[in-house]
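What the sequence shown shows, in this note's numbering, is residues 370 to 453, in sequence order. Beta carbons: idealized from backbone N, C-alpha and C, even for Gly. Owing to the predicted nature of the structure, the values given are computational and were not obtained by experimental measurement. Notes follow once the structure below has been shown.
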Amino acid sequence: MEWDVVDVKVMPEFSLWVRFRDGVEGMIYCSPTFFRGVFAPLHDPLQFAAVTIVDGVLTWLEHLDLAPDAMHTEIKQHGYWQLE
370 MEWDVVDVKV MPEFSLWVRF RDGVEGMIYC SPTFFRGVFA PLHDPLQFAA
420 VTIVDGVLTW LEHLDLAPDA MHTEIKQHGY WQLE
């Protein structure tokens, strides 16, 4: 799909740079409130930096992921996606 993530780089301050299959690229910024509930383990910088791409989806700890379609829409429109 066009929103498949094909590249990711971990950036400072809990942010990520991503590129999608269709060439759209941009940043993901994680605010402190993002790290609650199931995403709480990602507040550990080592866990956050262990992001991988599984079938076009950003994934952590083999079960946490971010919706690539919503991510693609926000980044295509604004150049970034702010996660609260």
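Starting from T421, follow its DSSP beta bridges and name the residues at the other end.
T428
Name the residue from I422, A436, L435 whose alpha carbon lies nearest to the alpha carbon of K378.
In terms of Cα proximity to K378, the closest of I422, A436, L435 is I422.
How many Å lie between P437 and R388 at the Cα?
11 Å
Roughly how many angstroms separate the alpha carbons of F408 and W386, rounded to a whole number?
19 Å
Of the residues H447, D424, H432, L435, which one's Cα is nearest the Cα of V375?
Closest by C-alpha distance to V375, out of H447, D424, H432, L435, is D424.
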